[in-house]
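Residue numbers (my numbering): 187 to 295.
Don't be surprised by glycine CBs; every beta carbon is placed ideally from N, CA and C.
Please read all numbers here as calculations on a predicted model, not as lab measurements.
See below for the structure under consideration.
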């Protein structure tokens with residue numbers, strides 16, 4: 187299986203984390219759709235690559251030697267309000283999510 191075009195090589199990971207430390211990812215993809223995520227995961231499985239899923243970059247620390255597999259940054263966006271239930275996409279920004287909930291009078295997030 188060919189590597190999807192959105193997968194880049196040797197990408198520094200420090201800028202992707204809130205602590206700003208760590209080496210580079212051998213492979214890195216920022217996915218904005220479920221289809222992109224699926225294609226990247228299929229490629230990783232077909233090449234026996236380890237996968238590390240990355241969200242906003244908090245509570246994660248990459249080693250200085252880097253990560254030899256695929257770092258998959260989830261960058262999906264969207265909020266759906268169904269009564270008092272909120273469905274948030276996996277890459278939705280936390281502060282924007284909270285502001286949208288507060289703006290609709292929702293609490294307890």
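- Secondary structure at residue 225: helix, using DSSP grouped into helix, strand and coil.
- In the structure shown, residue 279 adopts coil according to DSSP, grouped into three states.
- By the 16-neighbour rule on beta-carbons within 10 angstroms, residue 257 is buried.
- Annotation: the continuous beta strand (DSSP E) that includes residue 194 extends over 194 to 198.
- The beta carbon of residue 236 lies closer than 6 angstroms to those of 255 in the same chain, with the five residues before and after it left out.
- In the displayed model, residue 273 falls within a strand according to three-state DSSP.
- In the DSSP assignment, residue 287 forms no beta bridge with any residue.
- Contact check for residue 262 against residue 273 fails: the beta carbons are separated by 9 angstroms or more.
- In this structure residue 280 is not in contact with residue 252, their Cβ atoms being roughly 27 angstroms apart against a cut-off of 8 angstroms.
- Going by C-alpha positions, residue 188 is about 44 angstroms away from residue 270.
- The three-state reading of DSSP puts residue 215 in strand, counting E and B together.
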